[in-house]
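S.K.: With the first letter of the sequence shown counted as 1, position 387 gets the number 387 in the UniProt record's numbering; the numbers rise by one all the way through.
Backbone N, C-alpha and C define an ideal beta-carbon position, used for all residues, glycine too.
Owing to the predicted nature of the structure, the values given are computational and were not obtained by experimental measurement.
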Amino acid sequence: MTDNATETVTYRNVKWTAAIAMMIMMMQMSRRFSTLKESKLQFPLLLVRFKRDGSDCDDDNDDADEQKRTIYDFTTDNSEYVNEENETKSAALAETIKKVQANFYHIFLKKLNDTNLVNMNNTSIKNISNIVKDHNNNLIKTDKFRRHIKKRDNSKFRKYFEKFKFTKNIDAYSASLQHSNRVFNSKYGFQTRKVPSHAPILIDKDIMKELENKFVEEFRITEKNKVRRKDDMQFSFTYYHFVMSEKRNRTIEDIFDEFDTDSSNTWSDREIRTLLTQLYELPLSYGTVDNFESKLLECSKYGSYQNVPVPPYERYIDSKLPVISKYLVKDCHYISTLLLQKFQRVFKYKFEVVQNSDKFVSFAMLNSNISDVVGNLDEIRRHRRKFVCLNDNLDESKESENELVRAILYDFYLSLFPIPSRFELPQELRNKFAYVEELNEWKSNRMLVKICLYILIFVILCFITFNSCKKMCYQVVNKFFC
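1) Tell me the DSSP secondary structure of Y410 in three-state form.
2) Just reading off the alpha helix (DSSP H) that N467 is part of, what are its end residues?
3) For a test of the three-state rule: what should DSSP assign to T277, helix, strand or coil?
4) Going along the chain, which residues of its own chain have a beta-carbon closer than 7 Å to the beta-carbon of Y349, five neighbours each way excluded?
5) Would the beta-carbon of V374 fall within 8 Å of that of I380?
6) Please report the straight-line C-alpha distance between V289 and V354, rounded to a whole angstrom.
7) CA-CA distance, F433 and D262?
8) Can you tell which of L377, V476, D134, F351 has its C-alpha closest to the C-alpha of S362?
9) Please confirm if the segment 250-268 is in contact with the segment 209-220, defined as three or more CB-CB distances below 8 Å between the two stretches.
10) Below 8 Å on the Cβ atoms is my guess for F292 versus L276; work out the distance and round it to an integer in Å.
11) Alpha carbon to alpha carbon, how far is L429 from L404? Give it in angstroms, no decimals.
12) For S180, which residues in the same chain have their Cβ closer than 6 Å to its Cβ, ignoring the five residues on either side in sequence?
13) The beta strand (DSSP E) that contains M365, what's its start and end?
14) Can you tell me the Cα-Cα spacing of N121 and D134, whole angstroms?
15) DSSP three-state call for D269: helix, strand or coil?
16) Can you tell which of C469, N356, L338, L297 has the C-alpha that lies nearest to the C-alpha of S319?
17) What does the alpha-carbon distance come out to for the pair L177 and V436?
18) For P44, which residues of its own chain have a beta-carbon under 8 Å away from its beta-carbon, when the five flanking residues on both sides are left out?
19) Among the residues of its own chain, which have a CB less than 6 Å from the CB of D395, if the five just before and after it don't count?
20) Report the residue ranges of all alpha helix (DSSP H) runs contained in full by the segment 292-343; include only those spanning at least 4 residues, in chain order.
21) Check for me: the alpha helix (DSSP H) holding K224 runs from which residue to which?
22) How should F463 be labelled, buried or exposed, when 16 other C-beta atoms within 10 angstroms of its C-beta is the threshold for buried?
23) Per DSSP, which residues does N391 bridge with? Please list them.
24) What does the Cβ neighbour count give for I203, buried or exposed, with the cut at 16 atoms within 10 Å?
25) What ranges does the alpha helix (DSSP H) occupy inside the segment 168-220, keeping only unbroken runs of at least 4 residues that lie completely in it?
26) Per DSSP, what are the beta-bridge partners of F145 in this structure?
27) Which value, in whole angstroms, describes the spacing of the CA atoms of I408 and P426?
28) Grouping DSSP H, G and I as helix and E and B as strand, with all else coil, what is K247?
29) Per DSSP, what kind of secondary structure is V353 in: helix, strand or coil?
30) Would a C-beta distance cut-off of 8 Å place K326 and E253 closer than the cut-off?
31) Which same chain residues end up closer than 8 Å to residue 491 when comparing Cβ atoms and leaving out the 5 residues on each side of it in sequence?
32) Can you name the start and end residues of the beta strand (DSSP E) that R345 belongs to?
33) Alpha carbon to alpha carbon, how far is L139 from F145? Give it in angstroms, no decimals.
34) Closest to A240 by CA distance: which of K214, K194, I255 is it?
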């Protein structure tokens with residue numbers, strides 16, 4: 001079928017026609033079941049009446065038998081009558097359904113005939129179901145195509161709308177954390193990464209450069225954003241987890257030196273015991289120790305190594321090991337492979353995770369609710385911590401409440417730090433520089449102005465001094481020579 005046929009014969013017409021046919025069928029079925037229900041309910045009632053009447057009569061066996069025969073004959077005659085009536089109604093119902101079905105097919109074919117697609121004379125009842133099936137398939141295909149076009153247009157419009165949408169109901173901080181975690185998952189694998197506490201961060205410049213070189217594109221996007229956005233690399237989260245995720249490969253020499261605690265370039269029996277505790281589960285069995293020593297003995301027999309002086313007290317009295325030098329361990333395939341599998345990958349940077357950071361850091365989110373602000377500040381007064389972080393989450397539309405919150409916050413600062421720091425500006429002043437470069441430029445300009453002013457003052461003083469000297473010279477000349 002074509003698109004014109006699809007537009008003319010709509011799915012709505014077919015649906016309403018089918019609904020009307022189903023309503024007629026349900027009406028006929030309800031009438032049939034109501035008639036059967038009424039006829040069936042009469043028999044138990046009649047039976048109960050006869051039983052009650054029999055209970056009031058005399059205990060005559062003949063009368064009882066006559067009553068039972070009467071009831072039996074009555075129920076038999078009525079059941080035959082009901083069966084005949086049910087057959088008649090079933091035939092009438094089947095005929096009605098057939099007429100409704102024929103009417104439905106007729107209407108459907110007439111709709112199709114209006115589109116000049118179906119010839120009524122050449123169409124039989126047998127292939128009507130195939131025509132309906134083809135028609136429904138075409139409707140489904142057309143509907144899928146329309147939904148695809150609509151979805152494509154909506155996606156284009158949505159992208160265009162989001163491009164110029166400046167206010168979004170989203171927590172940019174949480175979104176940046178999720179973005180940073182996804183970046184680290186793709187680089188270092190999936191693992192649980194906790195958010196660092198709101199406390200001062202000590203940054204190593206060399207580590208920070210390596211972090212930026214590792215994620216060049218992500219930090220380029222972060223530097224491009226003027227305000228916090230969902231595609232930012234969250235600073236503290238990325239720095240800390242970069243330190244805890246970076247690893248390096250160690251050589252056999254590095255591993256050997258780690259267990260060579262006395263720096264003798266050989267492993268003593270005590271150092272070998274320490275190595276075994278790191279390689280195998282405790283407690284160490286005699287077989288484990290004997291197997292490791294036998295491997296060292298085999299490697300010492302089949303190799304020629306440099307003579308290394310043996311320091312005193314390296315061996316136990318009953319020890320049978322030779323001098324275990326760095327060269328022997330490096331050339332022994334079994335020992336070197338075992339050491340690399342266990343100790344090759346280590347963390348590149350040293351760090352320590354401090355558990356239960358709530359003992360050291362207090363964090364409070366300040367809003368425009370006065371009661372909440374007072375409660376949070378009192379909680380900080382009650383539980384003193386080394387670091388306190390107050391997050392400004394005030395509602396800008398509530399100006400009067402915000403003024404009171406600032407007054408309460410200023411009083412809180414005075415209670416903890418009554419003496420201002422030498423780095424603080426006076427209360428009536430504000431720092432107008434957002435970057436250090438701007439401050440340095442302003443200092444340079446001010447110094448230049450000062451130099452020019454000093455030069456001008458010096459020139460003026462010189463001019464005044466010259467005039468004064470000149471007048472004095474004139475007076476002396478006039479006094480003595482004139």
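M.R.: Result, derived from the coordinates:
1) Along the sequence shown, read from residue 1 onward, the residue named residue 410 stands at position 410. Correct three-state label for Y410: helix.
2) Taking the first residue of the sequence shown as 1, we reach residue 467 at position 467. Where N467 is concerned, the enclosing alpha helix (DSSP H) stretches over 436-481.
3) As a working note, residue 277 is residue 277 in the sequence shown. Three-state result, T277: helix.
4) The count along the sequence shown starts at 1 and reaches residue 349 at position 349. Only I207, V243, E246 meet the Cβ criterion.
5) In the sequence shown, residue 374 corresponds to position 374, counting from 1. In the sequence shown, residue 380 corresponds to position 380, counting from 1. No, these two residues do not count as a Cβ contact at 8 Å.
6) Here residue 289 corresponds to residue number 289 of the sequence shown, with the count starting at 1. Here residue 354 corresponds to residue number 354 of the sequence shown, with the count starting at 1. Cα-Cα distance, rounded: 37 Å.
7) For the purposes of this step, residue 433 is taken as the residue at position 433 of the sequence shown. For the purposes of this step, residue 262 is taken as the residue at position 262 of the sequence shown. If you take the alpha carbons of F433 and D262, they lie about 56 Å apart.
8) On the sequence shown, position 362 is the one that residue 362 refers to. Out of L377, V476, D134, F351, L377 has the C-alpha closest to the C-alpha of S362.
9) no
10) Numbered from its first residue, the sequence shown carries residue 292 at position 292. Numbered from its first residue, the sequence shown carries residue 276 at position 276. That pair is a contact at about 6 Å.
11) As a position in the sequence shown, residue 404 is number 404, starting the count at 1. As a position in the sequence shown, residue 429 is number 429, starting the count at 1. Using only the alpha carbons, I get a separation of about 20 Å.
12) For the purposes of this step, residue 180 is identified with residue 180 of the sequence shown, where counting begins at 1. So the list reads M233, Q234, F237, T238, once near-sequence residues are dropped.
13) Counting from 1 along the sequence shown, the entry for residue 365 is found at position 365. Counting along the chain, the beta strand (DSSP E) containing M365 begins and ends at 361-366.
14) In the sequence shown, residue 121 corresponds to position 121, counting from 1. In the sequence shown, residue 134 corresponds to position 134, counting from 1. Unreliable placement is indicated for N121, whose pLDDT of 48 sits below 50; no coordinate value is reported for it.
15) Here residue 269 is taken as the residue at index 269 of the sequence shown, counted from 1. D269: helix per DSSP, three-state reduction.
16) Indexing the sequence shown from 1 puts residue 319 at position 319. Among C469, N356, L338, L297, the Cα nearest to that of S319 is on L297.
17) Position 177 of the sequence shown, counting from 1, holds the residue named residue 177. Position 436 of the sequence shown, counting from 1, holds the residue named residue 436. If you take the alpha carbons of L177 and V436, they lie about 28 Å apart.
18) Translated into the one-based positions of the sequence shown, residue 44 becomes position 44. Caution is warranted here: a pLDDT of 37 is assigned to P44, below 50, making its placement in the model unreliable, and the coordinate value is therefore given only provisionally. Excluding sequence neighbours, P44 sits near nothing in its chain.
19) Numbered from its first residue, the sequence shown carries residue 395 at position 395. These residues qualify, in order along the chain: S368.
20) 326-331, 333-343
21) The count along the sequence shown starts at 1 and reaches residue 224 at position 224. Note, K224: alpha helix (DSSP H), 216-224.
22) Stepping through the sequence shown from its first residue, residue 463 is reached at position 463. Looking at its Cβ environment, which holds fewer than 16 other Cβ atoms inside 10 Å, F463 is exposed.
23) Within the sequence shown, numbered from 1, the residue matching residue 391 stands at position 391. Looking at the DSSP output, N391 sits in a beta bridge with M365.
24) What you label residue 203 is simply residue 203 of the sequence shown in a count that begins at 1. Answer is exposed; the Cβ neighbour count stays below 16.
25) 172-188, 205-214
26) Residue 145 sits at position 145 when you count from the first residue of the sequence shown. In the DSSP assignment, no residue is bridged to F145.
27) As a working mapping, residue 408 is identified with position 408 in the sequence shown. As a working mapping, residue 426 is identified with position 426 in the sequence shown. C-alpha separation (whole angstroms): 19 Å.
28) Within the sequence shown, numbered from 1, the residue matching residue 247 stands at position 247. K247: strand per DSSP, three-state reduction.
29) Here residue 353 refers to the residue found at position 353 when the sequence shown is read from its first residue. In the structure shown, V353 sits in coil (DSSP, three-state: anything other than H, G, I, E or B).
30) For the purposes of this step, residue 326 is taken as the residue at position 326 of the sequence shown. For the purposes of this step, residue 253 is taken as the residue at position 253 of the sequence shown. In this structure, E253 lies closer than 8 Å to K326 by Cβ.
31) Because the chain spans 1 through 482 in this model, residue 491 falls outside it and cannot be assessed.
32) For the purposes of this step, residue 345 is identified with residue 345 of the sequence shown, where counting begins at 1. Per DSSP, R345 belongs to the beta strand (DSSP E) from 345-347.
33) Within the sequence shown, residue 145 is the residue found at index 145, counting from 1. Within the sequence shown, residue 139 is the residue found at index 139, counting from 1. Near 10 Å, if we compare the C-alpha coordinates of L139 and F145.
34) Position 240 of the sequence shown, counted from the start, is the residue given in the question as residue 240. Looking at the sequence itself, residue 240 is Tyr, so the reference to Ala does not match. Measuring from the Cα of Y240, the nearest candidate turns out to be K194.
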